[in-house]
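Chemist: Chains as they are written, first to last, in UniProt numbering: chain P, 1 to 158; chain W, 1 to 959.
Even for Gly, the Cβ is constructed at its ideal location relative to N, Cα and C.
Just so we're clear, the structure is a prediction, and the values are computed from it rather than from any experiment.
One structure coming up, written as structure tokens, with questions to follow.
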Amino acid sequence: MNVHVTGDIGARTLAIVSDLKGLEGPLLPILHEIQAEFGYVPQECLPVIAAELNLSRAEVHGVVTFYHDYRDHPAGRHVLKLCRAEACQSMGGDEIAERVKSLLGIDFHQTTLDGAVTLEPIYCLGLCSCAPAAMLDGEVHGRVDADLARELVAEARR
Amino acid sequence: MSLVPEIDYGTPASRAEKMVTLTIDGNEITVPEGTSIMRASMEAGIKVPKLCATDMVDAFGSCRLCLVEIEGRNGTPASCTTPVAPGLVVHTQTGRLKDIRKGVMELYISDHPLDCLTCAANGDCELQDMAGAVGLRDVRYGYEGDNHVKARNSGEINAKWMPKDESNPYFTYDPSKCIVCSRCVRACEEVQGTFALTIEGRGFGSRVSPGMHEHFVDSECVSCGACVQACPTATLTEKSVIDIGQPEHSVVTTCAYCGVGCSFKAEMRGEELVRMVPWKDGQANRGHSCVKGRFAYGYSTHKDRILNPMIREKISDPWREVTWDEAYAHVAAEFRRIQYQYGRDSIGGITSSRCTNEETYLVQKLIRAGFGNNNVDTCARVCHSPTGYGLGQTFGTSAGTQNFDSVEHTDVVIVIGANPTDGHPVFASRLKKRLRQGAKLIVIDPRRTELVSSPHIKASYHLPLKPGTNVAVVTALAHVIVTEGLYDERFIRERCDWSEFEDWAAFVAEPRHSPEAIEQFTGVDPETLRGAARLFATGGNGSIYYGLGVTEHSQGSTTVIAIANLAMATGNIGREGVGVNPLRGQNNVQGSCDMGSFPHELPGYRHISDDATREIFEKLWGVKLNNEPGLRIPNMLDAAVEGTFKGLYIQGEDILQSDPDTKHVSAGLAAMECVVVQDLFLNETANYAHVFLPGSTFLEKDGTFTNAERRINRVRRVMTPKNGYADWEVTQNLAQAMGLNWNYRHPSEIMDEIAATTPSFALVSYDYLEKMGSVQWPCNEKSPQGSPIMHINGFVRGKGKFIRTEYVATDEKTGPRFPLLLTTGRVLSQYNVGAQTRRTENVVWHEEDRLEIHPHDAENRGIRDGDWVRLASRAGETTLRALVTDRVATGVVYTTFHHPTTQANVITTDFSDWATNCPEYKVTAVQISPSNGPSDWQIEYDELARRSRRIAGKLEAAE
């Protein structure tokens, strides 16, 4: 679930970093936690993380931008990801994608106007044997057909 | 003349001793184990095509152009990441490799603009070279697809295109030309150690990003230029190259900023300087540079430079331009008149730490032989004179014990009273590199400097002491080492006087020197101090680097002695990776001291009262030398105020701005009848001068500078002096006007005279320097190669001397009226009093001096960040803007002294080092209060400065 909370981003970032900085290779876990906390990785967090981990702002920025999963702005309340990799494409993924787009009335990387759903492409969910695959809020669904697509959209719309 | 060639071997040299033999393209090659195949090939003269490799950074293996084939191995490994192995048979050019390379180049070029003819890198572009090397003739993919090159793709805005970033004053970043080889990112990380750059995004979206997708000037970038140098295309290019074009010849010379003494290639087009590029063979900097040396040379052609000699009767008159001959005759007549009227000792001179050894030597010779007294001093008086005294007493030489390369072998470093990332940036980069490899760091400094904590750097211990308590803290470190039995008995018995050690050990072991006992007035946590002492004594090779935070105190000399004691007690002298290393402030402050600039010393640190030494010079110069030491700078000023000292020749120093207690300095200067200033600009001291002799820059003369590691580096003339004469010529002409028979035709002849009279320089000559590149003194029959490391088999003075170091609190104390302690320092982008750097684009980074104050102290006084504050001490007051930061501890405030309007030295007192008179800049009790604007002194002084810079016949510049 992508819950949007406002508040003192710096202080909360600091708390998250203090909790996790003892880990070996703490940057990714910290960024995951930040995204879980805010729904995205606010730009203001980066200098705080950098200073606490003795990294440069550039380094943290490089890591954050490398991973598509880290958002630079909040997503809709639900995130629907459709696999666009080879196996899924060969099993009718393109068709499903077009269908979902028209059901939601948005393109990839967009969020419905009511803020309910963000639609994203993803390159391989590792579910090739059940292609085409999709993921709604972290839960994977295989063998997506027109019906399942409608169901997923309906669920996301709620 | 042509460009000085530099070979890029592609990967760094291996330090291994074991040698490996392999065959590359039919040639048998033997290289150290761990060398890359790429480097081994280049050493044999075989160029393997490459884009992402350069020998300043580790191999990366991303460009896929340097692939080779190895017999018996599958595939085509990258030659940069594949180390040599015995018996390998390598082919660097085969049909298969040709096809692969061509294919790779096609992909690169398909996303690169084809504007080579109008590109700033034309003639210096590795991408262009490689396209040629692989025989690229066509790009099958066309140029129509996705790209980063065009602002618009068939009318549509291209979101992948990014405009040029021209925010940095010295170089541009043009993302459209980037091939994402990561050389800039790696140079920033590995060479400079700032980590300001990264690759953002991934795949086709990857690009170089300063900071978090910021402009260069807003990012963490320190503008050292390492990325620009590493860039194989025109993506990062010096603006000067864009403006002027490619250089056609280059000359190796030495930077004239700090005491690191970096070697640069001055790349020229005719007499126009195109750019300064750090020279890889430079043994102090090893191919690295900082923003000052690399870019901040614009002052040499600044409009403020004075090019004609000038005279005035009174300092209230406007200046009158005169011919050189008139100026010399006037000075000679005035000095002779003053000596006739007030006595031989009524005049003197100040040598410059900015000028060459040869020029300094001539000025002191003029004073000793021409003026007939020993009233010569130098700005080292106000910086490292305690180093000379302290190390001379304990070790027997007045200089640092190591070369900069030594830092690559150190295991524990103490940095005390120094801020190398700002003051000595190239050394700091080398130190940081070693720290990232695992060496440990102890910082002793009232401020949390960048070395305490910055990307990938974390000091193991930071001892944030109260300013003025160095002796107590260093003695307490010794207390822990002695009482816990961590000293190196074998070393001490072998090389030092054991009974002196025992006396010293008994002294430091007294409970009053324990960390717990001194905490009350030093503010240093005893456990931290104990931890630091244990680490230093037991952590392996221990080295100590220190700066003006040690010397510029009333107990400066005592602290230097305490540091020397610490190094001897732990056996950290006489080999690589250890030692006591003063970080010298100015390019030639070591040299100016070596050249006999002090009133009591002839060249080579030989006392003026020594008959044998005097005789050498008397014979050569044909005069009788006075055997009594002359006046030091503060004594000259005192004597001037008293009315017995009337004339002063100052070469390249701005004592009004740099010396303590400005009001006293100005009173002294105002009381003189003939003040001669030789400088590039009408500096602050020139406000009180009667004669101004235009100076020349380091680009305009031949000579040598001696850096902090005693390295004698050549300075080479690359352009005609704009003022007509190099500084040594001006001094010589002045000497001739005073009736001395001097006929040096070239600075090399002056160096020959120095070598003939000074044992530690005996083998130094310009021919020898040409051959060796540079040498570290002593350079004589005993050590013909020079002496990178001193005291190897024993101390120069015989036995190392332990001396008791009693802490005596300075007389400058805080109280109810002045409750805070002011300490001073520098920033990276500005240099010293700023005469040069303020006249360059470096002001982008530091346009004014700010007062750093802790948030608590600021809040108590109702001061917010950026407010104007009044800074008052017992000596005077000034105003500047506040910078609220927790870099300083409560009770301590800090400022820089780069701008004359700030006049930080109006505040500093005239307390000074007990042994050498080095002023106590680093401790002044002050009070801070909110303010509306400049103090009366600042207003008066601005007016005086404006009036005294008038030149008859010239309109005042409208500002």
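1) Per the DSSP calculation, residue 649 of chain W is bridged to which residue(s)?
2) If you drop the 5 nearest sequence neighbours on each side, which residues of the same chain put their C-beta closer than 7 Å to that of residue 1045 of chain W?
3) DSSP three-state call for residue 88 of chain W: helix, strand or coil?
4) Please list, in chain order, the chain W residues whose beta carbon lies closer than 7 Å to that of residue 108 of chain P.
5) Can you tell me whether residue 496 of chain W is helix, strand or coil according to DSSP?
6) Secondary structure at residue 925 of chain W, three-state DSSP: helix, strand or coil?
7) Thinking residue 903 of chain W and residue 662 of chain W are a contact (beta carbons under 8 Å), I'd like their distance in whole angstroms, please.
8) Out of W:460, W:518 and W:483, point me to the one whose CA is closest to residue 470 of chain W's CA.
9) Across which residues does DSSP place residue 135 of chain P in a beta bridge pair?
10) In whole angstroms, give me the CA-to-CA distance for residue 18 of chain W and residue 40 of chain W.
11) How many angstroms separate the CA atom of residue 793 of chain W from the CA atom of residue 700 of chain W?
12) Which first and last residues belong to the alpha helix (DSSP H) in which residue 478 of chain W is found?
13) What residue range does the beta strand (DSSP E) around residue 693 of chain W cover?
14) Kindly identify the DSSP beta-bridge partner or partners of residue 24 of chain W.
15) Quick check on DSSP: helix, strand or coil for residue 568 of chain W?
16) Say whether chain P places a C-beta atom closer than 8 Å to the C-beta of residue 50 of chain W.
17) Is the Cβ-Cβ distance between residue 457 of chain W and residue 414 of chain W less than 8 Å?
18) Count the other CB atoms, across all protein chains shown, that sit within 10 Å of the CB of residue 938 of chain W; report buried if there are 16 or more and exposed otherwise.
19) Which residues bound the beta strand (DSSP E) around residue 705 of chain W?
20) Excluding five sequence neighbours on each side, which residues of the same chain lie with their C-beta closer than 6 Å to the C-beta of residue 186 of chain W?
21) Under 8 Å between the Cβ atoms of residue 822 of chain W and residue 873 of chain W?
22) What first and last residue would you give for the beta strand (DSSP E) that runs through residue 444 of chain W?
23) Could you check if residue 143 of chain P is buried or exposed, using at least 16 other CB atoms within 10 Å of its CB as the buried criterion?
24) Taking C-beta pairs closer than 8 Å, name the residues in chain W that residue 43 of chain P reaches, listed in chain order.
25) Do residue 738 of chain W and residue 360 of chain W have their C-beta atoms within less than 8 Å of each other?
26) Expressed to the nearest angstrom, what Euclidean distance is found between the alpha-carbon atoms of residue 158 of chain W and residue 148 of chain W?
27) For the alpha helix (DSSP H) holding residue 324 of chain W, just list the boundary residues, first then last.
28) Closer than 8 Å, Cβ to any Cβ of chain P: which residues of the region 440-464 of chain W, in chain order?
29) Among W:562, W:710 and W:546, which residue has its Cα nearest to the Cα of residue 775 of chain W?
30) So which of W:556, W:200, W:225 and W:567 has the shortest CA-CA distance to residue 429 of chain W?
31) Alpha carbon to alpha carbon, how far is residue 724 of chain W from residue 307 of chain W?
32) Taking residue 643 of chain W as the reference, give the member of W:671, W:493, W:552 and W:707 with the closest Cα.
33) Relative to the C-alpha of residue 347 of chain W, which residue among W:369, W:328 and W:373 is closest?
34) Would you list, in chain order, the members of the region 49-65 of chain P that have their beta-carbon closer than 7 Å to a beta-carbon of chain W?
35) Relative to the alpha-carbon of residue 21 of chain P, which residue among P:38, P:51 and P:43 has its alpha-carbon at the smallest distance?
36) Closer than 8 Å, CB to CB, is residue 195 of chain W near chain P or not?
Modeler: From the atom records:
1) Residue numbering aside, residue 649 of chain W sits at position 649 when the second sequence is read from its first letter. BP columns for residue 649 of chain W point to W:349 and W:676.
2) Any answer about residue 1045 of chain W is impossible in this case: the structure gives chain W only from 1 up to 959.
3) Taking the first residue of the second sequence as 1, we reach residue 88 of chain W at position 88. Three-state result, residue 88 of chain W: coil.
4) Taking the first residue of the first sequence as 1, we reach residue 108 of chain P at position 108. Contact of residue 108 of chain P with chain W by beta-carbon distance below 7 Å is absent, the smallest such distance being about 15 Å.
5) Taking the first residue of the second sequence as position 1, residue 496 of chain W is located at position 496. Looking at residue 496 of chain W - three-state DSSP - the assignment turns out to be strand.
6) Working through the second sequence from its first residue, we reach residue 925 of chain W at position 925. Looking at residue 925 of chain W - three-state DSSP - the assignment turns out to be strand.
7) Against the second sequence, residue 903 of chain W aligns to sequence position 903. Against the second sequence, residue 662 of chain W aligns to sequence position 662. The Cβ separation is near 6 Å, so the contact holds.
8) Reading the second sequence from its first residue, position 470 is the one you call residue 470 of chain W. Ranking W:460, W:518 and W:483 by CA distance to the CA of residue 470 of chain W puts W:518 first.
9) Within the first sequence, numbered from 1, the residue matching residue 135 of chain P stands at position 135. Partner(s): P:81 and P:140.
10) Within the second sequence, the letter at position 18 stands for residue 18 of chain W. Within the second sequence, the letter at position 40 stands for residue 40 of chain W. Put simply, the backbone Cα of residue 18 of chain W is about 14 Å away from that of residue 40 of chain W.
11) Residue numbering aside, residue 793 of chain W sits at position 793 when the second sequence is read from its first letter. Residue numbering aside, residue 700 of chain W sits at position 700 when the second sequence is read from its first letter. Going by the C-alpha atoms only, they are around 42 Å apart.
12) Mapped onto the second sequence, residue 478 of chain W falls at position 478. Judged by DSSP secondary structure, residue 478 of chain W falls within the alpha helix (DSSP H) whose first and last residues are 470-483.
13) What you label residue 693 of chain W is simply residue 693 of the second sequence in a count that begins at 1. That run of the beta strand (DSSP E) goes 691-694.
14) Your numbering for residue 24 of chain W matches position 24 in the second sequence. DSSP output for residue 24 of chain W lists W:27 and W:90 as bridge partner(s).
15) Position 568 of the second sequence holds residue 568 of chain W. If DSSP states are grouped into helix, strand and coil, residue 568 of chain W belongs with the helices.
16) Working through the second sequence from its first residue, we reach residue 50 of chain W at position 50. Not an interface residue.
17) Translated into positions along the second sequence, residue 457 of chain W becomes position 457. Translated into positions along the second sequence, residue 414 of chain W becomes position 414. Against a cut-off of 8 Å, the Cβ pair of residue 414 of chain W and residue 457 of chain W comes out as no contact.
18) Residue numbering aside, residue 938 of chain W sits at position 938 when the second sequence is read from its first letter. Burial call: buried.
19) As a working mapping, residue 705 of chain W is identified with position 705 in the second sequence. Here the beta strand (DSSP E) through residue 705 of chain W covers 703-706.
20) Start at 1 with the first residue of the second sequence, and residue 186 of chain W comes out as number 186. Counting only Cβ-Cβ distances below 6 Å, and skipping sequence neighbours, we find 57.
21) For the purposes of this step, residue 822 of chain W is identified with residue 822 of the second sequence, where counting begins at 1. For the purposes of this step, residue 873 of chain W is identified with residue 873 of the second sequence, where counting begins at 1. Yes.
22) The residue labelled residue 444 of chain W in the question sits at position 444 within the second sequence. From DSSP, the beta strand (DSSP E) with residue 444 of chain W extends over 440-444.
23) Here residue 143 of chain P corresponds to residue number 143 of the first sequence, with the count starting at 1. Looking at its Cβ environment, which holds fewer than 16 other Cβ atoms inside 10 Å, residue 143 of chain P is exposed.
24) Walking along the first sequence from the start, residue 43 of chain P turns up at place 43. Near residue 43 of chain P (Cβ distances below 8 Å), the residues of chain W are 212.
25) For the purposes of this step, residue 738 of chain W is identified with residue 738 of the second sequence, where counting begins at 1. For the purposes of this step, residue 360 of chain W is identified with residue 360 of the second sequence, where counting begins at 1. The answer is no: Cβ separation not under 8 Å.
26) For the purposes of this step, residue 158 of chain W is identified with residue 158 of the second sequence, where counting begins at 1. For the purposes of this step, residue 148 of chain W is identified with residue 148 of the second sequence, where counting begins at 1. C-alpha separation (whole angstroms): 8 Å.
27) Taking the second sequence and counting its residues from 1, one reaches residue 324 of chain W at position 324. Where residue 324 of chain W is concerned, the enclosing alpha helix (DSSP H) stretches over 324-342.
28) 453, 454, 455, 456, 457 and 458
29) Working through the second sequence from its first residue, we reach residue 775 of chain W at position 775. Ranking W:562, W:710 and W:546 by Cα distance to residue 775 of chain W puts W:710 first.
30) Position 429 of the second sequence, counted from the start, is the residue given in the question as residue 429 of chain W. Residue W:225 holds the alpha-carbon nearest to the alpha-carbon of residue 429 of chain W among W:556, W:200, W:225 and W:567.
31) Mapped onto the second sequence, residue 724 of chain W falls at position 724. Mapped onto the second sequence, residue 307 of chain W falls at position 307. Roughly 8 Å separates the two Cα atoms.
32) Locating residue 643 of chain W in the second sequence gives position 643, where the first residue counts as 1. Closest option to residue 643 of chain W, Cα to Cα, is W:671.
33) What you label residue 347 of chain W is simply residue 347 of the second sequence in a count that begins at 1. Ranking the options by Cα distance to residue 347 of chain W, first place goes to W:373.
34) The residues in question are 54, 55, 56, 57, 58, 59, 61, 62 and 65.
35) As a position in the first sequence, residue 21 of chain P is number 21, starting the count at 1. It is P:51 whose Cα lies nearest to the Cα of residue 21 of chain P.
36) Here residue 195 of chain W is taken as the residue at index 195 of the second sequence, counted from 1. It does: the Cβ of residue 195 of chain W has a partner Cβ on chain P nearer than 8 Å.
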